[in-house]
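The structure appears below as structure tokens.
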Amino acid sequence: MQFDIIENPHPVAQDRRREILADPGFGVHFSDHTVIIDWTDDGDGGSWHDARVEAYGPIALDPAASVLHYAQEVFEGMKAYRHADGGVYTFRPRANAARMNRSAARMALPQLDEEAFVESLEQMLAVDSSWVPEGEGAALYLRPFMIATEAFLGVRPAREVSYRVIASPAGNYFGGELKPVRIWVSRDFTRSGPGGTGAAKTGGNYAGSLAAQAQAAEHGCDQVLFLDPLHENAVEELGGMNVFLVTSDGRLITPQLTGTILEGVTRDSVIQLAQDRGLAVEERRVTLDEWARGIEDGTIVEAFACGTAAVITPIGELVDGETTIASPGTGEVTASIREELLGIQTGAVADRHGWMHRL
Ligand code: COI
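Note that the UniProt record's numbering gives residue 52 to position 52 of the sequence shown, counting from 1, and the numbers run on in steps of one.
The following block contains the structure:
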């Protein structure tokens, strides 16, 4: 795909950028450029066109654009890391490209060729590689997204769509040093039902999680845990992360993919790394009662959240209404899988699965 490059004439000053990279936080600062590819359907099945790199800045959207009314939108989250060889690498970009296309199919958005998706990331890093932060756990978070831009208030798939990539230097998602997070069990809200959009990475799933997340924050918790929509107490996922439990006999348990939870690329990678060590991984229905009982009788010894933003974050406490169940905190399996995964991503550990892609 041919990209036109229009460099930002007013990039962030070098001193300011260095200041940002020294303490990037999560999702609050953005690099100098954005990548854009537009799509139009003139009744011919549609085509992608006008691929370009431009200065980062506000999007001019018609107030009637479908994304603003019906949330026809999907997004991805990935990270880019600087390795010791000086190159910048990202993790399993084709897995994200494939997931974006699955999400797009669910949200009646067009398919973007995997090659074009990977190329869009390469274009981003070609202009903004100076935005990759260094240091433990730091990376340039890449956020590809696709929005329906057609000005039309009827409810049907938009005929004009824009795919974009923005980049944001990122440290620990939960802020500060890595520490076990406190989880609020959502009893008032569920996330998705059978046949719904739960497996799609679409903004509405996250908008729908915010009221529950606000309850979590009110109760001094970092994240919300959603249970199944049929109120059978089965664990689904956190507001923006998948969940794993570790048993005392060395098994990993994670909710199976039923279409209501996100098919996490980190989740899939954790399963592979655990299996490589000879650990059994059970993808199955697991209830909150099984988790709580397991903590009590010592058969569940660790729990962690995982995702691109969260990497692998230990779960410390589960707050279910008036009851607080103290999870054992950072255990050995959580710490060592985190270290191995981060090691592969940052180039310190051999990439035996060929997961890293040089941008
Ligand atoms: C990610 O982990 O990349 C996500 O998209 C989750 C989001 C809550 C930051």
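For each residue, glycine too, the CB sits at the ideal point set by N, CA and C.
These figures come from a predicted structure and were not determined experimentally.
message = Below 8 Å, is the gap between the Cβ of THR308 and the nearest heavy atom of the ligand COI?
response = For the purposes of this step, residue 308 is taken as residue 308 along the sequence shown, with counting starting at 1. The answer is yes for THR308.
inquiry  = By alpha-carbon positions, which one of GLY203, PRO157, GLY195 ends up nearest to ARG143?
reply    = The residue given as residue 143 occupies position 143 in the sequence shown. For the residues GLY203, PRO157, GLY195, the minimum Cα distance to ARG143 belongs to GLY203.
task = Determine the direct distance from the alpha carbon of HIS357 to that of ALA212, and round the result to whole angstroms.
result = Numbered from its first residue, the sequence shown carries residue 212 at position 212. Numbered from its first residue, the sequence shown carries residue 357 at position 357. Their Cα atoms are separated by approximately 36 Å.
inquiry  = Please report the straight-line C-alpha distance between GLU340 and ALA274, rounded to a whole angstrom.
reply    = Translated into the one-based positions of the sequence shown, residue 340 becomes position 340. Translated into the one-based positions of the sequence shown, residue 274 becomes position 274. Roughly 10 Å between the two C-alpha positions.
message = So the candidates are ALA207, ARG267, GLY220, SER186; which of them puts its Cα closest to the Cα of VAL235?
response = Position 235 of the sequence shown, counting from 1, holds the residue named residue 235. Out of ALA207, ARG267, GLY220, SER186, SER186 has the C-alpha closest to the C-alpha of VAL235.
ask   = Does the Cβ-Cβ distance between LEU125 and PRO133 come in under 9 Å?
value = Locating residue 125 in the sequence shown gives position 125, where the first residue counts as 1. Locating residue 133 in the sequence shown gives position 133, where the first residue counts as 1. In this structure, LEU125 sits away from PRO133, with a CB-CB distance that is not shorter than 9 Å.
task = Kindly list the residues whose CB is nearer than 8 Å to the CB of ARG251, restricted to its own chain and excluding five residues on each side of it in sequence; keep chain order.
result = Against the sequence shown, residue 251 aligns to sequence position 251. Counting only Cβ-Cβ distances below 8 Å, and skipping sequence neighbours, we find LEU279, ALA280, VAL281, GLU282.
query = Are the Cβ atoms of ILE5 and VAL127 separated by less than 9 Å?
reply = Here residue 5 refers to the residue found at position 5 of the sequence shown. Here residue 127 refers to the residue found at position 127 of the sequence shown. Contact: yes.
message = On the DSSP bridge list, what partners appear for CYS221?
response = Here residue 221 is taken as the residue at index 221 of the sequence shown, counted from 1. Answer is none; CYS221 lacks a bridge partner.
key: Closer than 8 Å: PHE75 CB and nearest the ligand COI heavy atom   = Residue 75 sits at position 75 when you count from the first residue of the sequence shown. For the ligand COI, at least one heavy atom lies less than 8 Å from the Cβ of PHE75.
ask   = I think GLY240 touches PRO24, with their Cβ atoms under 8 Å apart; what is that distance to the nearest whole Å?
value = Within the sequence shown, the letter at position 240 stands for residue 240. Within the sequence shown, the letter at position 24 stands for residue 24. That belief does not hold up - the Cβ atoms of GLY240 and PRO24 are roughly 18 Å apart, past 8 Å.
query = CA-CA distance, GLY321 and TRP291?
reply = Position 321 of the sequence shown, counted from the start, is the residue given in the question as residue 321. Position 291 of the sequence shown, counted from the start, is the residue given in the question as residue 291. C-alpha separation (whole angstroms): 16 Å.
ask   = CB of MET241 to nearest heavy atom of the ligand COI: below 8 Å?
value = Within the sequence shown, residue 241 is the residue found at index 241, counting from 1. Flag set: Cβ of MET241 near the ligand COI.
message = I need the boundaries of the alpha helix (DSSP H) containing TYR206, first residue and last residue.
response = Along the sequence shown, one-based indexing puts residue 206 at 206. Taken as a continuous stretch (DSSP letters only), the alpha helix (DSSP H) holding TYR206 covers 203-207.
Pairwise C-alpha distance: PHE91 and residue 360 = This structure gives no information on residue 360, because the portion of the chain shown stretches from 1 to 359.
key: Residue nearest to THR197 in terms of C-alpha spacing, selected from ALA108, ARG352, PHE117, ALA80   = Translated into the one-based positions of the sequence shown, residue 197 becomes position 197. Residue ALA108 is the option with its Cα nearest to THR197.
key: Uninterrupted alpha helix (DSSP H) stretches inside the region 49-81 (no shorter than 4 residues)   = 66-70
ask   = In whole angstroms, what is the alpha-carbon distance linking HIS49 and ARG293?
value = Here residue 49 refers to the residue found at position 49 of the sequence shown. Here residue 293 refers to the residue found at position 293 of the sequence shown. Note on geometry: alpha-carbon atoms of HIS49 and ARG293 lie some 55 Å from one another.
message = Can you determine whether any heavy atom of the ligand COI sits closer than 8 Å to the C-beta of TYR81, and answer yes or no?
response = What you label residue 81 is simply residue 81 of the sequence shown in a count that begins at 1. Flag unset: Cβ of TYR81 not near the ligand COI.
query = Between GLU150, ILE315, SER269, which lies nearest to ASP42 when the distance is taken from Cα to Cα?
reply = As a working mapping, residue 42 is identified with position 42 in the sequence shown. Check the Cα spacing between ASP42 and each of GLU150, ILE315, SER269: the tightest is with GLU150.
ask   = Between the Cα of ILE20 and the Cα atoms of TYR70, SER130, GLY87, ALA97, which residue gives the shortest distance?
value = In the sequence shown, residue 20 corresponds to position 20, counting from 1. Minimum Cα distance to ILE20 is reached at SER130.
ask   = Between PRO180 and the rest of its own chain, which residues show a CB-CB distance below 7 Å, the 5 nearest in sequence each way excluded?
value = Here residue 180 refers to the residue found at position 180 of the sequence shown. Excluding sequence neighbours, PRO180 sits near PRO314, ILE315, GLY316, GLY329, THR330.
Every unbroken beta strand (DSSP E) within the region 255-293, with a cutoff of 3 residues, ordered by chain = 280-283
query = Considering only C-alpha positions, which residue in the set VAL270, THR308, THR324 is nearest to GLU296?
reply = Reading the sequence shown from its first residue, position 296 is the one you call residue 296. Looking from the CA of GLU296, the closest CA among VAL270, THR308, THR324 belongs to THR324.
query = Can GLY259 and GLY195 be called in contact, C-beta distance under 9 Å?
reply = Along the sequence shown, read from residue 1 onward, the residue named residue 259 stands at position 259. Along the sequence shown, read from residue 1 onward, the residue named residue 195 stands at position 195. For GLY259 and GLY195, yes; Cβs fall inside 9 Å.
inquiry  = Is there a Cβ of chain D sitting closer than 9 Å to that of GLY316, yes or no?
reply    = Absent from the structure: chain D. Only one protein chain is present.
inquiry  = Among the candidates ARG164, ARG106, GLY137, whose CA atom is the shortest distance from the CA of LEU262?
reply    = By 1-based counting over the sequence shown, the position of residue 262 is 262. Taking only the C-alpha atoms, the option nearest LEU262 is ARG106.
task = Output the distance between the C-alpha atoms of ARG267 and ASP38, rounded to the nearest integer angstrom.
result = Within the sequence shown, the letter at position 267 stands for residue 267. Within the sequence shown, the letter at position 38 stands for residue 38. Roughly 31 Å between the two C-alpha positions.
ask   = Any heavy atom of the ligand COI closer than 8 Å to the Cβ of LYS201?
value = In the sequence shown, the residue the question calls residue 201 occupies position 201. LYS201: yes, Cβ under 8 Å from the ligand COI.
Simplified DSSP assignment, three categories, for PHE117 = For the purposes of this step, residue 117 is taken as the residue at position 117 of the sequence shown. Here PHE117 sits in helix by DSSP.
message = Going by DSSP in three states, ASP38 sits in which element: helix, strand or coil?
response = In the sequence shown, residue 38 corresponds to position 38, counting from 1. It is a strand residue.
request  = Please report how far the alpha carbon of GLY46 lies from the alpha carbon of GLU115, in whole angstroms.
outcome  = On the sequence shown, position 46 is the one that residue 46 refers to. On the sequence shown, position 115 is the one that residue 115 refers to. So the two alpha carbons sit approximately 18 Å from each other.
ask   = For GLY27, which residues of its own chain have a beta-carbon under 6 Å away from its beta-carbon, when the five flanking residues on both sides are left out?
value = Residue numbering aside, residue 27 sits at position 27 when the sequence shown is read from its first letter. Excluding residues within five positions, the ones whose Cβ falls inside 6 Å are SER168.
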